[in-house]
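A.B. asks: Before anything else, here's the structure in question.
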Amino acid sequence: MSGAALGLEIVFVFFLALFLLHRYGDFKKQHRLVIIATLLAWYLCFLIVFILPLDVSTTIYNRCKLAVNSSPAESNGSYVTLAPSKQKCFKPWSYIPDGIMPIFWRVVYWTSQFLTWILLPFMQSYARSGGFSITGKIKTALIENAIYYGTYLLIFGAFLIYVAVNPNFNLQWNQLQTIGIAAANTWGLFLLVLLLGYGLVEIPRSHWNGAKRGYLLMKTYFKAAKLMTEKADAEENLEDIMEEVRKVSESIKYNHPLRKCVDTILKKCPTEYQERMGRNMDDYEDFDERQNSYPSEKSLAKLHKQVIYSVQRHRRTQVQWQILLEQAFYLEDVAKNESSATRQFVHTFHSQEPENKIIQYFYTPTVEWYWECLLRPWFYRVLAVVLATFSVIVVWSECTFFSTKPVLSLFAVFIQLAEKTYNYIYIEMACFLTIFFLSICVYSTVFRIRVFNYYYLASHHQTDAYSLLFSGMLFCRLTPPLCLNFLGLTHMDATISHKKTQPTAYTSIMGSMRVLSFIADGFYIYYPMLVVILCIATYFSLGTRCLNLLGFQQFMGDSEMTSDLIDEGKELIRREKRKRQRQEEGENRRREWKERYGNRDDSTRSRAVHTDQKESSFSETNANRPLSKYTRSNGRTERDRIELLQDAEPLDFNADSVNDDPLESDSGR
C-alpha cells in the first residue's frame with residue numbers, strides 16, 4: 001500500500017476539480033487555455049487539502065521511528081520495536097516513503113504560486129481584452145499588468161537594497177525564499193480570517209434556514225425581483241451595444257481595412273442580431289475615406305470587449321431566471337403538498353428534462369413526499385447543529401492554539417490522544433474532517449461573494465473567463481495559509497508547539513519563520529483571534545445591514561424594502577406560472593386534437609392525393625386525343641368567360657371595405 005493512497009487521492013481530486021469546473025465553466029465556448037489554467041489552480045489547491053492528512057500521519061510515524069532508533073531497538077517487519085518497553089511503531093497503511101513528500105510539496109507549492117502571482121493575472125487581462133489578434137491581446141495584457149508587476153518588483157528591489165546596505169543583515173538565498181513565502185502567507189492569512197469568520201456562521205445558519213419552507217420561498221421571491229431588474233438592465237445594455245454595432249457595421253463597408261474587425265465583432269453577437277444586421281447591410285457600396293469619419297481600431301477593440309461582456313451577462317441572466325423559476329415552482333409545490341392526504345407528491349409542471357429511469361423507479365411520488373415534507377427539514381436541522389458545533393470548536397481553537405501548557409486547542413488534544421495509541425486511521429480522519437470543514441467555510445465564501453458584475457461564480461456553465469481565473473488566484477493564495485493555520489491548530493507546527501521534533505514535509509518546505517520573528521510570534525498567533533469579532537458581526541448581519549443602508553438591497557426580514565421586493569417577486573412568479581400553464585394547456589389541446597383527428601386527417605389527405613392522381617391521368621388522356629374535335633367547344637368556353645367578365649359589376653373603391661357582401665364577410669369570419 002506504500003504510495004497507493006497518494007495515487008488514489010491524486011486521481012480522485014482531479015475528477016473532483018474537473019466536475020466543479022464543468023458545473024461553473026463552459027468547456028465548449030470558453031478558451032482552452034482559460035479552462036486548463038483554472039483547472040490546474042483548483043486541482044492543486046484541492047490536492048493540498050486532501051494530501052496534508054497523509055503527511056501528518058507519515059510524520060507521526062517518522063517521529064516514533066526516530067524515538068525508537070535513539071535507544072536500543074530491534075526491527076521487526078513493518079514496525080520498529082523498542083527493546084526496553086516493547087513499544088511498537090506500526091507503519092500506517094497510507095505511509096509515503098521518505099523523499100517523496102518534500103518533492104511533491106515543492107512542485108505543488110511553487111506551481112500554485114507561479115499561477116497566482118504571474119500567469120493568472122496575465123491571463124485575466126488577456127481574456128478580458130478586446131483585441132482582434134493574439135499579438136494585440138498579449139500587448140494589452142502586458143500594459144495592464146505593468147503596474148501590477150512593477151509594484152512588486154519595486155518593493156522587492158527596495159528590500160534587497162536595504163539588506164545589501166545594512167551590515168547587520170546577512171541573509172542567504174534560503175532566508176530570502178522564506179521571507180517571500182512569509183509575505184505571501186501573511187497576505188493570504190489576512191484574507192483567510194475574513195472569509196473564515198463569515199463561513200463559520202453563515203454555513204450553519206443557511207442549513208438551519210433551509211429547514212424553513214416559508215423562509216426559502218420568501219427569499220426566492222426576493223431573488224426573483226432583484227434578478228428581474230438585473231435581467232431588464234442586461235437586455236437594455238445589450239440593445240444599446242447592438243445599436244452601436246449596427247452603426248459601425250453600416251459605416252464600415254466590405255472593402256474597408258477594418259472590416260475584418262467588424263466581422264469578428266458580429267460573430268460574437270447573438271444570432272437574431274446577426275440576421276437583422278445582415279438584412280440591412282449593403283456590401284456593394286464602396287467606402288469613401290474623405291467624406292466619412294470611421295472608428296479607429298482601438299475604439300473597435302473597446303466595442304468588442306463591451307459586446308463580449310454584454311452578451312455573456314445577458315445569457316447568464318436568462319439562464320438564472322429559468323433556474324429561479326423552477327426553484328420557485330418547486331417550493332410552492334412543497335408548500336401545497338404538505339397538507340396532502342394521499343401523501344404523494346404532485347408537481348404543478350412536468351420536468352422539462354428527461355428523468356433517469358432508475359431514479360424514477362426508486363424516487364417515487366410517495367418517497368418524494370416523505371423526503372420533502374417530513375425528513376428533509378429535520379435532516380437540515382441536525383446538520384445545522386453539527387456544523388454549528390464544529391464552528392464553535394474552530395473558534396475556540398483559533399483563540400487558544402498558542403497555549404502549549406496546558407493544551408487548550410481541541411484539535412490538538414484529539415491528535416495527541418490518537419498519537420499515543422498510533423491510531424493512524426483516526427488521525428487521518430480527524431485531520432481530514434478538520435481541514436475539510438475549514439476549506440468548506442473558506443471556499444464556499446469564495447463561491448458566494450459577488451463583486452458587482454466583475455467577479456461572480458454562476459453555476460450551470462454561466463461563469464465568465466475573468467471570474468474563473470480570479471477564483472483560481474484566490475484559491476492559490478488562500479490554501480497555503482489555510483494549511484499552516486490547520487497545522488498550528490493541531491500543534492503539528494514546531495513554531496507553535498515549541499518542540500524540537502521532526503516537522504511535517506509541508507512545514508519544511510515553508511521554511512523557518514524565525515527569520516521574521518514579529519510575524520512568527522505576533523501576526524500568525526494573535527491575528528486569527530479576530531475571527532471571534534467577525535463571527536459576531538456575521539451573526540448579527542452587520543455587513544448586510546451596512547450594504548442595505550448604502551442602497552444595495554439585501555434580504556432582511558425587518559426591512560420595508562425587502563417586503564416590497566417580496567411582493568413584487570411573488571407577482572412575477574405568479575405571472576410566469578400563468579404563462580406556463582397556458583402553454584401547457586395549448587400543447588395538451590394540440591396533442592388531443594392529433595390523437596382524435598389524426599387518423600381522419602390522414603385518410604382525407606390520402607383521398608385527396610388519389611383524386612389528384614385521377615384528375616392528372618384524365619388530363620393526360622385528354623391531351624393525347626385529337627385537338628380538332630374540340631375546337632368548337634373550346635370556342636364556346638371562351639365566349640362564356642368573356643360574357644361573365646362583361647356582366648361583372650365594377651368595384652366601388654370609395655366604400656369602407658372592399659368586401660361588402662355579407663355572405664363573403666360571414667364566410668371570412
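Position 464, counted from 1, in the sequence shown is what full-length UniProt numbering calls 464; the numbers after and before it change by one each time, with no gaps. Yeah, the Cβ is synthetic: ideal placement off N, Cα and C, and Gly gets one too. Since we're looking at a predicted model, the values are computed, not measured.
Using the Cα positions of T348 and R580, report the straight-line distance between them to the nearest angstrom.
C.D. replies: Taking the straight line joining both Cα atoms gives about 10 Å.
A.B. asks: Any contact between the region 218-225 and the region 564-578? By contact I mean 3 or more CB pairs, one from each, below 8 Å.
C.D. replies: In short, these stretches touch, since the Cβ pair count reaches three.
A.B. asks: Take Q327 as the anchor and find which of K223, I435 and Y506 has the nearest alpha-carbon.
C.D. replies: Cα-wise, what sits closest to Q327 is K223.
A.B. asks: Tell me where the alpha helix (DSSP H) around Q322 begins and ends.
C.D. replies: From DSSP, the alpha helix (DSSP H) with Q322 extends over E297 to N337.
A.B. asks: Might you give, ordered along the chain, the residues of its own chain that have their beta carbon closer than 7 Å to the beta carbon of P481, omitting 5 neighbours on each side?
C.D. replies: N185, G188, L189 and L192, listed in sequence order.
A.B. asks: Span of the alpha helix (DSSP H) holding F12?
C.D. replies: Residues A4 to Y24.
A.B. asks: Excluding the 5 residues preceding and the 5 following E144 in the sequence, name in chain order all residues of the same chain whose CB lies nearer than 7 Å to its CB.
C.D. replies: Counting only Cβ-Cβ distances below 7 Å, and skipping sequence neighbours, we find S125.
A.B. asks: List the endpoints of the continuous alpha helix (DSSP H) containing P102.
C.D. replies: I100 to F114 is the extent of the alpha helix (DSSP H) around P102.
A.B. asks: For V311 versus K260, is the C-beta distance shorter than 8 Å?
C.D. replies: Going by C-beta atoms, V311 is not nearer than 8 Å to K260.
A.B. asks: Express the C-alpha separation of M242 and E272 in angstroms, rounding to a whole number.
C.D. replies: Straight-line Cα distance between these residues: approximately 11 Å.
A.B. asks: So, are the CB atoms of A225 and T317 less than 8 Å apart?
C.D. replies: It is not a contact, given that the beta carbons lie outside the stated cut-off.
A.B. asks: In this structure, what does DSSP give as the bridge partners for C535?
C.D. replies: According to DSSP, which records beta bridges pairwise, C535 is partnered with nothing at all.
A.B. asks: Please report the distance separating the alpha-carbon of V248 from that of S133.
C.D. replies: Using only the alpha carbons, I get a separation of about 19 Å.
A.B. asks: Within the region 376-418, note down every full alpha helix (DSSP H) run reaching 4 residues or more, in order along the chain.
C.D. replies: Here the runs fully enclosed are 376-400.
A.B. asks: Give the DSSP bridge partners of Y456, in chain order.
C.D. replies: Per DSSP, R450.
A.B. asks: Quick check on the DSSP output: the alpha helix (DSSP H) that includes M510 runs from which residue to which?
C.D. replies: Counting along the chain, the alpha helix (DSSP H) containing M510 begins and ends at A505 to M510.
A.B. asks: Looking at the secondary structure, which residues open and close the alpha helix (DSSP H) in which Y422 lies?
C.D. replies: Looking at the DSSP string, Y422 is not in any alpha helix (DSSP H), and its letter there is neither H nor E.
A.B. asks: Are the Cβ atoms of G488 and F401 separated by less than 8 Å?
C.D. replies: Contact: yes.
A.B. asks: Can you have a look at L142 and say buried or exposed, based on whether 16 or more other CB atoms are within 10 angstroms of its CB?
C.D. replies: Under this definition L142 is an exposed residue.
A.B. asks: Does the beta-carbon distance from V34 to L474 come in below 8 Å?
C.D. replies: Not in contact: V34 and L474 (Cβ atoms no closer than 8 Å).
A.B. asks: How big is the Cα-Cα spacing for A430 and T58?
C.D. replies: Using only the alpha carbons, I get a separation of about 15 Å.
A.B. asks: Is the region 437-446 touching the region 194-214, taking contact as three or more C-beta pairs under 8 Å?
C.D. replies: They touch, by the three-pair rule.
A.B. asks: Measuring only from the beta carbon, is V395 closer than 7 Å to any heavy atom that is part of the ligand ZN?
C.D. replies: As for the ligand ZN, it is missing from this structure, which has no ligand bound.
A.B. asks: Taking C-alpha atoms, which residue in I449, I533, L433 and I509 lies nearest to F486?
C.D. replies: Residue L433 is the option with its Cα nearest to F486.
A.B. asks: Would the region 92-102 and the region 501-509 be scored as touching if the rule is three or more Cβ pairs under 8 Å?
C.D. replies: They touch, by the three-pair rule.
A.B. asks: What is the DSSP secondary structure of H498, reduced to helix, strand or coil?
C.D. replies: Coil, per DSSP.
A.B. asks: Less than 8 Å separating the beta-carbons of T479 and I48?
C.D. replies: Yes, Cβ-Cβ distance for T479 and I48 is below 8 Å.
A.B. asks: Taking DSSP as the reference, what is the three-state secondary structure of N356?
C.D. replies: It is coil, neither helix nor strand.
A.B. asks: Using the Cα positions of Y109 and T501, report the straight-line distance between them to the nearest angstrom.
C.D. replies: In a straight line, the C-alpha of Y109 is about 23 Å away from that of T501.
A.B. asks: What did DSSP end up calling S351 once you bin it into helix, strand or coil?
C.D. replies: Three-state result, S351: coil.
A.B. asks: Is it buried or exposed for I36, if we count other Cβ within 10 angstroms and need 16 for buried?
C.D. replies: Per the 10 Å Cβ criterion, exposed.
A.B. asks: I want to know whether the region 412-426 touches the region 365-382 - three or more CB-CB distances under 8 Å.
C.D. replies: With a cut-off of 8 Å, the region 365-382 and the region 412-426 do not count as touching, because too few Cβ pairs lie within range.
A.B. asks: Per the contact definition of three or more C-beta pairs closer than 8 Å, is the region 2-15 in contact with the region 381-396?
C.D. replies: Too few Cβ pairs lie closer than 8 Å, so no.
A.B. asks: Go ahead and pull the three-state DSSP assignment for A133.
C.D. replies: The sequence as given places Ser at residue 133; Ala does not occur at that position. In this structure, S133 counts as coil in the three-state DSSP scheme.
A.B. asks: Report all residues from its chain with a CB closer than 6 Å to the CB of Q30; omit the five preceding and five following residues, and keep chain order.
C.D. replies: A465, listed in sequence order.
A.B. asks: Tell whether a beta-carbon distance below 8 Å holds between E419 and I96.
C.D. replies: For E419 and I96, no; Cβs fall outside 8 Å.
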